[in-house]
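Engineer: Heads up: the sequence shown at position 333 corresponds to 322 in the numbering used here, and the numbers run straight through without jumps.
Even for Gly, the Cβ is constructed at its ideal location relative to N, Cα and C.
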Amino acid sequence: MATTNGTLPHHGDSSSEAPQPAPTSADSQRIEDLAEHFDLSSLSASTLAIHADDPLNVVHDVAPPIHVSTTFRYDKDPSQLRPYHERPEPIFAPTEHNYSRHTTHSTSRLETILAVLLKNPCLTYSSGLAAFNALITFLNPKRVAIGAGYHGCHGVLRLHQRLSGLQLLPLDCKPEDLQEGDLLHLETPVNPTGLAFDIQHYADIAHSRGAYLSVDSTFAPPPLQDPFKHGADIVMHSGTKYIGGHSDMLCGVLAVKQKEWIPKMLQDRVYLGSVMGGLEGWLGVRSIRTLELRVMKQSETARRIVDALDGALTGHTVGTGLSLSDAEIIKSVVKQVHHASLQTKDYKTWLKKQMPNGYGPVFSIVLKSPDFARALPSKLHLFHHATSLGGIESLIEWRTMTDSTVEKDLLRVSVGIEDEKDLLDDLIQGFKALNAINAINGTSS
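(1) Quick one, are the C-beta atoms of L167 and S203 less than 9 angstroms apart?
(2) Taking Cβ positions, are I354 and V395 nearer each other than 9 angstroms?
(3) Would you mind stating whether W271 and H26 have Cβ atoms separated by less than 9 angstroms?
(4) Below 8 angstroms CB to CB, which residues in the same chain sit around I20 once its five sequence neighbours on both sides are set aside?
(5) In three-state DSSP terms, what is E159?
(6) Please classify E317: is it buried, with 16 or more other beta-carbons within 10 angstroms of its beta-carbon, or exposed?
(7) Going by C-alpha to C-alpha distance, which of S95, Q332, H305 sits closest to I319?
(8) Alpha carbons only, please: which of Q325, D335, A244, N424 is nearest the one belonging to L400?
(9) With G398 and S358 assumed to form a contact (beta carbons below 8 angstroms), what rounded beta-carbon distance in angstroms separates them?
(10) Work out the CA separation of T182 and S263 for me, nearest whole Å.
(11) Give me the residue from G379, Q332, M265, R293 with the minimum Cα distance to L412.
(12) How would you call Q150, buried or exposed, if buried means at least 16 neighbouring beta carbons within 10 angstroms?
(13) Mind checking which residues open and close the alpha helix (DSSP H) that includes E281?
(14) Closest to E169 by C-alpha separation, out of I188, H140, Y201, would be which residue?
(15) Based on the DSSP output, what are the partners of V242 in its beta bridges?
(16) Output the boundary residues of the beta strand (DSSP E) element that contains E176.
(17) Check this for me: beta carbons of A244 and C142, under 9 angstroms apart or not?
(18) Whole angstroms is fine: what's the gap from G347's alpha carbon to T177's?
(19) Please work out which residues of its chain come closer than 7 angstroms, Cβ to Cβ, to P159, disregarding the five sequence neighbours upstream and downstream, and give them in chain order.
(20) Are at least three pairs of beta-carbons, each pair with one atom in the segment 121 to 133 and one in the segment 90 to 106, less than 8 angstroms apart?
(21) Quickly, what does DSSP pair S353 with across the bridge? List them, please.
(22) Would you mind giving the Cβ-Cβ distance between I277 and I232, rounded to the nearest angstrom? I have them listed as a contact below 8 angstroms.
(23) Tell me the residue span of the beta strand (DSSP E) that contains V133.
(24) Should the segment 234 to 241 be called in touch with the segment 377 to 387, which here means at least 3 C-beta pairs below 8 angstroms?
(25) Per DSSP, which one or two residues make a beta bridge with T376?
(26) Three-state secondary structure (DSSP) at D415?
(27) Got a sec, what are the start and stop residues for the beta strand (DSSP E) V204 sits in?
(28) Can you tell me the Cβ-Cβ gap for V496 and G138, rounded? I've got them flagged as a contact below 8 angstroms.
(29) Shortest alpha-carbon distance to K218 belongs to which of K246, H226, A195, K230?
(30) Does DSSP classify A428 as helix, strand or coil?
(31) DSSP on I381, reduced to helix/strand/coil?
(32) To the nearest whole angstrom, what separates the beta carbons of V404 and Q287, a pair I think is in contact under 8 angstroms?
(33) Anyone know if the C-beta pair for D205 and M225 falls short of 9 angstroms?
(34) If you follow the alpha helix (DSSP H) that A209 is part of, which residue opens it and which one closes it?
(35) L280 and A38 look like a contact to me (Cβ under 8 angstroms); what is the Cβ gap, rounded to whole Å?
(36) Comparing alpha-carbon positions, which option in M254, T338, R98 lies nearest G267?
Here it is, written out as structure tokens:
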């Protein structure tokens, strides 16, 4: 975890003087701290994603080296050895990591970058669900209000319900049902539809009762959405998705507004054992460098595809590039399209303010029959039929295969970084293939 001003802190009472390590040759190789030369608030997210971890450089490599060691040698100088209770937590001096269940070079880098991008201190975890479990463990609420969204979070809550008698409430419960210390957990945009919810609205409800608001912003990573601006107390990401961005790592992230929570959360993580591995931390650093480039392109491509599909359904095809015949093909197969960009009634009230840079790379389509939804993925060539999302490759999933709460006619679409026209053409040829099969079946019957 790092502070948001570019410095590398220790945790605990800020009024006490914690022992500091003596300078080492490795420390002398560090480049100068960015915060000494720049007002970090003046730097863009894309710049910070590249340079926020520069103070952690201990070698001359431009690309950060991969650290996979689970344990680290102590200083050879006996005068530098200190009892555990005298050591700052977490230990950020490059030679002071001692065991990878506590901290590692790679995860320290990743958390340093994330803290700047999310504008609040944060910790990483071994997966998104590990992060959510850590959140519930730390807050230990008596009640959690939660709505639709990722089924895994509901599974974690059922585990806590079994262990502690946790009471689960609907997201839109009566405000008086919430008490001090309870949690309202909001996912926006929501999985699997990609629809958005008003964060400030739910923040006002939670805070009026002394409860906390946590926001799962996985579907709208920086720079699309900053839930803290709209009242969130905790922001969660499944870093497996857009922070990782390459479908090759598991990661979870919790960022918190109250910095004093971090020491206890860090201690919880040590004993839960839900820390990222060194290789995964390195993959996260590699990936987050291009987060803004990827997400902005993916979000804009998704919006354009959604515009075309919805335009075909509503008869507004001007500017979509669709021919009349393609529009008819879409109408014959697709019943509905869901995406935050289609929430036009919310634009002027809260949506544009909450998501000023785009509406997310995930949308869903509802087809005219479950058979169509089941068959479409096998007719596509550029969309992989797979679960998860957020990678550079486009994915489509017949969502009922992994989430029993979803209707069987719904497909979730995660847009990658391919060309938008190529992706739309692939969908249209898939719709044509479904029509052809339907025509054959109709003839044979």
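Structural biologist: Based on what the coordinates show:
(1) Taking the C-beta atoms as reference points, S203 is found no nearer than 9 angstroms to L167.
(2) Cβ distance not < 9 angstroms, so I354 and V395 don't count as in contact.
(3) For the pair W271 and H26, the CB atoms are not nearer than the 9 angstroms cut-off.
(4) At I20 the pLDDT is 45, less than 50, meaning the model places this residue with poor confidence and gives no usable figure here.
(5) One detail in the question is off: residue 159 reads as Pro in this sequence, not Glu. DSSP places P159 in the strand class (E or B) of the three-state scheme.
(6) Exposed, because fewer than 16 other Cβ atoms sit within 10 Å of the Cβ of E317.
(7) Of the listed residues, the one whose Cα sits closest to I319 is H305.
(8) Shortest Cα-Cα distance from L400 to any of Q325, D335, A244, N424 involves Q325.
(9) Correcting the residue identity first, residue 398 is Asp in this sequence and not Gly. So it is a contact: roughly 6 angstroms between Cβ atoms.
(10) Across the structure, S263 and T182 are spaced so that their CA atoms are roughly 29 angstroms apart.
(11) The alpha carbon of L412 has as its nearest neighbour, out of G379, Q332, M265, R293, the alpha carbon of R293.
(12) Of the residues assessed, Q150 falls on the exposed side of the cut-off, its CB having fewer than 16 other CB atoms within 10 angstroms.
(13) In the DSSP assignment, E281 falls within the unbroken alpha helix (DSSP H) covering 280 to 303.
(14) Looking from the CA of E169, the closest CA among I188, H140, Y201 belongs to Y201.
(15) BP columns for V242 point to T113, H226.
(16) 172 to 176 is the span of the beta strand (DSSP E), which, as asked, contains E176.
(17) Going by C-beta atoms, A244 is not nearer than 9 angstroms to C142.
(18) For G347 and T177, the distance between alpha carbons rounds to 13 angstroms.
(19) Excluding positions up to five away in sequence, the list reads A134, G136.
(20) Between the segment 121 to 133 and the segment 90 to 106 there are fewer than three C-beta pairs closer than 8 angstroms, too few to call the two in contact.
(21) H327, R401.
(22) With a beta-carbon spacing of about 6 angstroms, I277 and I232 fall inside the 8 angstroms limit used to define contacts.
(23) Residues 132 to 135.
(24) Segments in contact, yes.
(25) Answer is none; T376 lacks a bridge partner.
(26) Annotated three-state conformation of D415 is helix, per DSSP.
(27) Run containing V204: 201 to 205, per the beta strand (DSSP E) assignment.
(28) For residue 496 there is no data in the structure shown, the boundaries of the chain being -10 and 434.
(29) Selected option, being the one with the closest Cα: K246.
(30) In the structure shown, the three-state DSSP call for A428 is helix.
(31) Reduced to three states, the DSSP call for I381 is coil.
(32) V404 to Q287, Cβ: 5 angstroms. Contact.
(33) D205 places its beta carbon less than 9 angstroms from that of M225.
(34) Per DSSP, A209 belongs to no alpha helix (DSSP H) and is neither H nor E.
(35) That pair is a contact at about 6 angstroms.
(36) For the residues M254, T338, R98, the minimum Cα distance to G267 belongs to R98.
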